Amino acid sequence: MLGDLLMFAGVIALGQFSPGPDMLLLTRTALAQGRSAGWWMTAGIATGLCVHATVAVFGMAYLMAHGGWLTEALRWAAALYLAYLGCRLLPAVLLVIHRGREYEGGGSGKGQSAYVRGLLCNLLNPKVVIIFAAVVTDFVTGERPAWWSPVLWAIIVGQGFLLWFLYVWLLQFPPFRKGYQRLGPWFDSAFGAGLLALAVFLVINRSLV
0 MLGDLLMFAG VIALGQFSPG PDMLLLTRTA LAQGRSAGWW MTAGIATGLC VHATVAVFGM
60 AYLMAHGGWL TEALRWAAAL YLAYLGCRLL PAVLLVIHRG REYEGGGSGK GQSAYVRGLL
120 CNLLNPKVVI IFAAVVTDFV TGERPAWWSP VLWAIIVGQG FLLWFLYVWL LQFPPFRKGY
180 QRLGPWFDSA FGAGLLALAV FLVINRSLV
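Going left to right, the sequence shown walks through residues 0 to 208 as numbering that gives the first Met the number 0 numbers them.
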């Protein structure tokens, strides 16, 4: 049984800590606004994971995985939100070139703002709950003790928070910070383009949701 839990934790870690909207937005926030904003955003992402993990572990994922208006609404909401974030970051290079001044890094540094952005970015992504449901299904079949499902839930949320927390901490090392300070507008424009690409990807790849 311990082996099953370790395997579940490993699979979930690979799924959570893979390139996507959460990583893209958190990377930019941690580099541009610092450790505090990054950790606030991590808390927002973890809150979203609480919701997704509840849906996946306790059985409602079937409704999401089989389409319907809720999945469609989430898909469009996620695409619009990612496009909005991308459009705010994309012009960074042009603004610096046009104004000829040092780049200061866009976005609010307030922790509450970072928390909300992290929460919405994670919560509005319908692929998260479907991926979780696909993984969780194999680990909840058969006879399991009463504590099994809550432990799976705790692994998803706790591991996600810990991994992103450590990721933000690593991004504060001087080489990463200095690189962003030197190439900040190019990084922001690249992150903006990436978020826009993810928004388009969500819209045109309906089979994924």
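All C-beta atoms in this analysis are idealised placements derived from N, C-alpha and C, irrespective of residue type, glycine included.
Treat the numbers as computed from the prediction; the structure is a model and nothing was measured.
Original post:
Can the beta-carbon of Phe160 be found less than 9 Å from the beta-carbon of Val56?
Top reply: Sequence index remark: in the sequence shown, residue 160 carries index 161 (1-based). Sequence index remark: in the sequence shown, residue 56 carries index 57 (1-based). Not a contact, by the Cβ cut-off of 9 Å.
Original post:
Does the Cβ-Cβ distance between Ala82 and Thr28 come in under 9 Å?
Top reply: For the purposes of this step, residue 82 is identified with residue 83 of the sequence shown, where counting begins at 1. For the purposes of this step, residue 28 is identified with residue 29 of the sequence shown, where counting begins at 1. Their beta carbons are not under 9 Å apart, which means Ala82 does not touch Thr28 by this criterion.
**OP:** Compute the distance between the beta-carbons of Asn124 and Ala192, then report whether it is under 9 Å.
**Re:** Counting from one through the sequence shown, the residue named residue 124 turns up at place 125. Counting from one through the sequence shown, the residue named residue 192 turns up at place 193. In this structure, Ala192 does not lie closer than 9 Å to Asn124 by Cβ.
Original post:
Taking Cβ to Cβ, would you say Ala164 is nearer than 9 Å to Thr41?
Top reply: What you label residue 164 is simply residue 165 of the sequence shown in a count that begins at 1. What you label residue 41 is simply residue 42 of the sequence shown in a count that begins at 1. Residue identity check: residue 164 is Phe in the sequence provided, not Ala. It is a contact, given that the beta carbons lie within the stated cut-off.
Original post:
For Cys120, is the classification buried or exposed, using 16 other Cβ atoms within 10 angstroms of its Cβ as the cut-off for buried?
Top reply: Taking the first residue of the sequence shown as 1, we reach residue 120 at position 121. Label assigned to Cys120: buried.
Original post:
Where Leu194 and Leu23 are concerned, what is the direct C-alpha to C-alpha distance, given to the nearest angstrom?
Top reply: Indexing the sequence shown from 1 puts residue 194 at position 195. Indexing the sequence shown from 1 puts residue 23 at position 24. Approximately 8 Å, taken between the alpha carbons.
Subject >> Residue nearest to Gln158 in terms of C-alpha spacing, selected from Val199, Val50, Gly9, Asp3 >> reply: Along the sequence shown, one-based indexing puts residue 158 at 159. Nearest C-alpha to Gln158 among Val199, Val50, Gly9, Asp3: Gly9.
**OP:** Could you tell me whether the Cβ atoms of Val139 and Trp146 are closer together than 9 Å?
**Re:** Numbered from 1 along the sequence shown, position 140 holds the residue referred to as residue 139. Numbered from 1 along the sequence shown, position 147 holds the residue referred to as residue 146. Result no, Cβ atoms of Val139 and Trp146 do not sit closer than 9 Å.
Original post:
Where Phe7 and Val156 are concerned, what is the direct C-alpha to C-alpha distance, given to the nearest angstrom?
Top reply: As a working note, residue 7 is residue 8 in the sequence shown. As a working note, residue 156 is residue 157 in the sequence shown. Straight-line Cα distance between these residues: approximately 13 Å.
Subject >> Pro18: first and last residue of the uninterrupted alpha helix (DSSP H) it sits in >> reply: Counted from its first residue, the sequence shown places residue 18 at position 19. No alpha helix (DSSP H) holds Pro18; DSSP gives it neither H nor E.
Original post:
In angstroms, rounded to a whole number, what distance separates the CA positions of Tyr80 and Leu5?
Top reply: By one-based count along the sequence shown, residue 80 stands at place 81. By one-based count along the sequence shown, residue 5 stands at place 6. Whole-angstrom Cα-Cα distance: 35 Å.
**OP:** With a threshold of 16 other CB atoms inside 10 Å of the CB of Ala31, please say whether the residue is buried or exposed.
**Re:** Residue mapping note: residue 31 aligns to position 32 of the sequence shown, counting from 1. It is buried - the Cβ of Ala31 has at least 16 other Cβ atoms within 10 Å.
Original post:
For Ala77, does the three-state DSSP call read helix, strand or coil?
Top reply: As a position in the sequence shown, residue 77 is number 78, starting the count at 1. For Ala77, the secondary structure class from DSSP, reduced to helix, strand or coil, is helix.
Original post:
In its own chain, which residues sit with a C-beta less than 6 Å from the C-beta of Gly85, not counting the 5 before and 5 after it?
Top reply: Start at 1 with the first residue of the sequence shown, and residue 85 comes out as number 86. Result list for Gly85: Gly191, Leu194, Leu195, in chain order.
Subject >> Leu265 - DSSP class collapsed to helix/strand/coil >> reply: A query on residue 265 cannot be resolved here, the shown segment of the chain reaching from 0 to 208 and no further.
Original post:
On the premise that Gly43 lies in contact with Leu162, defined as a C-beta separation below 8 Å, what is that separation, rounded to the nearest angstrom?
Top reply: Against the sequence shown, residue 162 aligns to sequence position 163. Against the sequence shown, residue 43 aligns to sequence position 44. Contact flag wrong, Cβ pair sits at about 15 Å.
Subject >> Alpha carbon of Phe175 to alpha carbon of Ala45, nearest angstrom >> reply: Against the sequence shown, residue 175 aligns to sequence position 176. Against the sequence shown, residue 45 aligns to sequence position 46. Spanning the alpha carbons of Phe175 and Ala45 requires a straight line of approximately 24 Å.
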